Each structure stands twice: as C-alpha cells, then as structure tokens.
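**Q** With our numbering applied, the sequence shown covers 77 to 155.
Backbone N, C-alpha and C fix where the C-beta goes; we use that ideal spot for every residue, glycine too.
Remember, it's a predicted structure, so these values are computed and weren't measured experimentally.
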Amino acid sequence: MKARVHVMLKDGVLDPQGEAVRHALGHLGFSGVEGVRQGKVIELDLAATDAAAAENEVQVMCEKLLANTVIEKYTVEIV
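#1: Taking the continuous beta strand (DSSP E) assigned at ALA79, which residues delimit it?
#2: Give me the Cα-Cα distance between GLY88 and GLY94, rounded to the nearest whole angstrom.
#3: In the DSSP assignment, find the alpha helix (DSSP H) that holds LEU141 and state where it starts and stops.
#4: Expressed to the nearest angstrom, what Euclidean distance is found between the alpha-carbon atoms of GLN135 and GLU153?
#5: Taking C-alpha atoms, which residue in ASP91, ARG80, LYS149 lies nearest to GLN114?
#6: Can you tell me which of LEU101, VAL117, ILE118, VAL155 puts its alpha carbon nearest to the alpha carbon of GLU110?
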C-alpha cells in the first residue's frame with residue numbers, strides 16, 4: 077500500500093520560494109502568473125493492508141515529523 081502526503085504552507089504564511097518562482101516565470105515571459113505557492117509531495121510505501129489504519133498512521137507521521145503543523149497544512153492520500 078502507498079500513501080501520498082501533500083504538504084503546503086498555510087494560507088497567510090509568506091512563501092519566498094514560490095515568490096522566486098513567480099518572479100523567474102515573469103522574466104521568462106510568463107506574465108500571466110499572479111501567484112505561486114510551492115510545496116512538497118512525500119510518497120510512502122507501507123506494509124499495512126488496512127487503508128484506514130494506514131491513513132491514521134500516516135497522519136501521526138505528519139504530526140510528528142513530515143509537516144511543521146505551525147506553518148504547514150497537509151493532506152494524506154492512500155493509493
């Protein structure tokens with residue numbers, strides 16, 4: 077079983093990497109980009125066979141390590 081975790085900065089938290097990408101895109105001629113938010117995707121290979129238990133376990137992983145919940149939000153997808 078696999079889990080995919082999407083981690084993004086919370087709304088209202090400044091995203092300097094996203095702003096740098098937006099700026100670079102403007103210099104490359106993509107003037108229609110008004111905002112960029114950059115995040116990360118983490119894929120986990122799990123030994124679990126129960127999807128609900130796997131999702132709960134990954135939620136705990138996110139709370140303890142994978143996401144800084146003070147400034148980041150995350151979603152968990154079991155695939």
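**A** So, to answer that:
#1: Taking the first residue of the sequence shown as 1, we reach residue 79 at position 3. That run of the beta strand (DSSP E) goes 78–85.
#2: If you number the sequence shown from 1, residue 88 lands on position 12. If you number the sequence shown from 1, residue 94 lands on position 18. Answer to the nearest angstrom: the Cα atoms are 13 angstroms apart.
#3: The count along the sequence shown starts at 1 and reaches residue 141 at position 65. No alpha helix (DSSP H) contains LEU141, which DSSP labels as neither H nor E.
#4: If you number the sequence shown from 1, residue 135 lands on position 59. If you number the sequence shown from 1, residue 153 lands on position 77. Roughly 10 angstroms separates the two Cα atoms.
#5: Sequence index remark: in the sequence shown, residue 114 carries index 38 (1-based). Out of ASP91, ARG80, LYS149, ASP91 has the C-alpha closest to the C-alpha of GLN114.
#6: Working through the sequence shown from its first residue, we reach residue 110 at position 34. The shortest Cα separation from GLU110 among LEU101, VAL117, ILE118, VAL155 belongs to LEU101.
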